[in-house]
């Protein structure tokens, strides 16, 4: 029988080889190198190449090659397919091989030297050593190599094999290994050393010992680390294999062989296992399962981490605290603010000071030196309880055994259900299917439930009235603890938890499903991987393998189920577990419609909906008033007890319809609300609602229904408002009297339809739809307001219709007609303006209209019947004639208008204009008319002056004709006399009229004197020295 000196797996990062796909294991047995499939143990290769015993095998970094060495002094490099590709030799047997984890460099150790080979080198570099090499290990960075020698020395060398540090031990160093994954707290590589002085030691790269040595009681032969570096296995000469932590804490024996264990190899994959090679040739594969050790109390979860630490996780706040126990943690129990941790030789007790539910600052309060063996551990406020098979032991915090219970069957599950400190209760599920209740201050257990299948899991509701049990047949069974009757059962369950805040809600898991069962409703399933271990509010705590997950579940389905059966109190409690604002709003609305006022108010407060809270207040006032309920103080309406009493009251169908209608109206479901208002005989509220919405057709429909109901005697007529209380007193007066007179006796209130039309008109006016507003005002008899709007928008056709309907004997209608006429004039509508002024008998304005429009015939016709208006007609008419060059008519118009000043001024302008245009005869005529007009007025001086002016212009016309005319028809003597006349008038007037030139007159005199042979006179006139006088 051959000894198995070495076994090895390829690194976990290796890929691409056929052997890696079958999870290969290489084994050194006799003079053969065997390759097995580690999954099923099948032999893949039996490699022949060595002539003597093979002592060592090792895989390269990529896993595509492995090397073997043995007593034949040969090192062979093999491919992953089992083909030998290279061989080199030493002068002595090969004791150990180690591949550099970073490069392809291979170290081989013998009795007297160490060789370094790499594919880039043509030869092997060999270096002498002081003793036989028993073991070797590279650091993770590949820069240093540690050698364990037979003389007890440890030599730490660099990658060129130069020694950097030497550690001296007293006995052979048979195994050593660097930790493959240094922790964050370690600033350097850590070397684990197994020495045949039966000790385990740890060293830094500098050679400094790290911590104390550990006595083993056996000679260690092999070390193999887990890939994570957290644990390592240690095989001994006595056949045992132990599991240690990286900090040197013994976790326990994990295997026991019949002969020395010379080789160990941990699987590099996620499958946690290892392979043992023994002296008698056995190759044994083992699988390690790290069981979950944990404890849960409400939202405080404690679990074991790295086998020696306890991590406390506050599931609600996600806060975590780590407690380093520095020993193998075997059991954990959590209760309220207390934590109990069982170690191999002692029990640690921790406590959080104070009552803060979020405080996670656990402090040690006691250390009990006891070596206890148990399968379950639970804690109470002042004790902890150990469970071992059928026995329960109660220990005080000081470690004193106070009580024991011996049950009829094996204990499968135990749970603390709370109670007074020192008198807490426990529930224990037994293998025989019984569930017993134990009070820790009582020696006698109480059987609660008996069933045939073993108990797997159990929990009790927060009100202690229901018990949920999951048995080995994966059936959930829920019992009433008061009657011990089975309430219901569900199949496919492996764990269960009651909601800690709602006694009628339970969660159970199984078949990758999470089911929530509320009350008697069917379960609500959803996908889940793991086991339910806790349920608080809307959070479910699920254990998935070794990790705890917090899952938020929607409470909406449970909420709506309770609402569907009108259990609003339970629905409110469900909502308090955690629902959306929309769910709160639906609860509040449904509760309001069902007149459960206390729930409705609390729900509206939760979502801070002030509108609905105000609506609820108004509804309560209205309901109490309608039903004659005396309320001494309105603040009482908001007391919970008062609201509960109102909710229990038997309300009439009309009251319920009224409340539901208000709620629907606030939801925006107006048509449904109107129907309910009708059922409640509140037609006015429906009308008012549609009026506010400006849905006038619907409002009119309900207004008509209200009037019909009043006529049929179904409801009382609405009370009329006092005039002073009306929104528009003047409008109501118009509607009441119809004649617009103030001070009339109060009349009955206008009908609902009319009032509605008034609101419609006002709304249209506010919205800017003025035409629609005016039409509506007109239909309800508001002619003044309608006319005012028509004027604003220039709607002349409907405005003239209003004018035609007006009564001229009414002062209000007269004002409407006059304002309408002004509007017509503004918009240049002569016909409508004339009609409006005529109907209003406003003749002065009518005259002005005719004059402004130059309708002179109509003006003269009106003047004939109203002579006092003549001046108002002839004066503008004269101006118009004058602007159209009809001066003669203008002159007569001014005279008829009695404005002689205007006619004289016009003649003056005509005289000047004629003189400027050398129309002196025309100027003479105008001057003569001016003289005659002055004589008529009695202005003698003015008449004479104008008469002289007329004569001068007439005489001067002969002079101008003599000078400029083509033919001179005037007798010479007449021309001479005209000149003499002008000259004489000039001496009297002092200044000649406009246009009369003295030079022309002298020229004509001189010329005439020459023709009459009056030469002396002619010469004198030429020099302007001879006085003008008749010859």
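In full-length UniProt numbering, the protein residues as written are 1 to 1031. We treat Cβ as the ideally placed atom computed from N, Cα and C, and that holds for glycine.
DSSP bridge partner residues for residue i (one or two, in chain order)
i	result
residue 711	Answer is none; residue 711 lacks a bridge partner.
residue 414	428
residue 471	455
residue 96	109
residue 798	The partner list for residue 798 (beta bridge, DSSP) is empty, contrary to what the question assumes.
residue 525	515
residue 479	467 and 486
residue 350	339 and 364
residue 611	Paired residue(s): none; residue 611 is not in a bridge.
Reference residue i, options the options, closest by Cα
i	options	result
residue 660	536, 854, 620 and 138	620
residue 511	522, 407, 337 and 490	490
residue 780	769, 771, 766 and 753	753
residue 300	789, 99 and 339	339
residue 1035	643, 158, 561 and 151	Given that the chain is displayed from residue 1 to residue 1031, the structure contains no residue 1035 and the question cannot be resolved.
residue 1004	983, 316 and 671	983
residue 220	173, 356 and 601	173
residue 333	532, 180, 292 and 852	292
residue 792	765, 998 and 92	765
residue 708	696, 441, 682 and 692	682
residue 436	406, 421 and 856	406
residue 973	782, 1009, 327 and 380	1009
First through last residue of the alpha helix (DSSP H) which encompasses residue i
i	result
residue 957	940-964
residue 642	640-648
residue 789	783-793
residue 757	752-767
residue 593	581-593
residue 576	568-576
residue 818	811-826
Span of the beta strand (DSSP E) around residue i
i	result
residue 544	539-544
residue 404	401-406
residue 153	153-158
residue 242	240-245
residue 320	319-324
residue 288	Run containing residue 288: none; DSSP gives neither H nor E here.
residue 396	391-396
residue 1046	What the structure shows of the chain is the stretch from 1 to 1031, and residue 1046 is not part of that stretch, so it cannot be assessed.
Cβ neighbour criterion (16 or more within 10 Å) applied to residue i
i	result
residue 599	buried
residue 716	exposed
residue 743	Its pLDDT being 34, under 50, residue 743 is placed unreliably by the model, and the measurement read from it follows with that caveat. It counts as exposed.
residue 3	buried
residue 459	buried
residue 861	exposed
residue 639	exposed
residue 722	Any reading at residue 722 must be qualified, since the residue scores a pLDDT of 45, below 50, and its modelled position is unreliable; the value itself is stated next. When all chains shown are included, residue 722 counts as exposed.
residue 447	exposed
residue 555	buried
residue 1056	Absent from the structure is residue 1056, since the part of the chain shown begins at 1 and ends at 1031.
residue 9	buried
residue 729	For residue 729, the predicted structure reports a pLDDT of 41, less than 50, and the residue's modelled location is therefore unreliable. The matter cannot be settled from this model.
Whether residue i touches residue j by CB criterion (8 Å)
i	j	result
residue 276	residue 235	yes
residue 538	residue 577	yes
residue 927	residue 949	yes
residue 584	residue 603	yes
residue 190	residue 176	no
residue 68	residue 104	no
residue 479	residue 416	no
residue 515	residue 530	no
residue 6	residue 28	yes
residue 401	residue 383	no
residue 102	residue 63	no
residue 76	residue 49	yes
residue 412	residue 429	yes
Near the ligand MG: residue i beta-carbon under 7 Å from a heavy atom
i	result
residue 312	Absent from the structure shown: the ligand MG. Ligands present: none.
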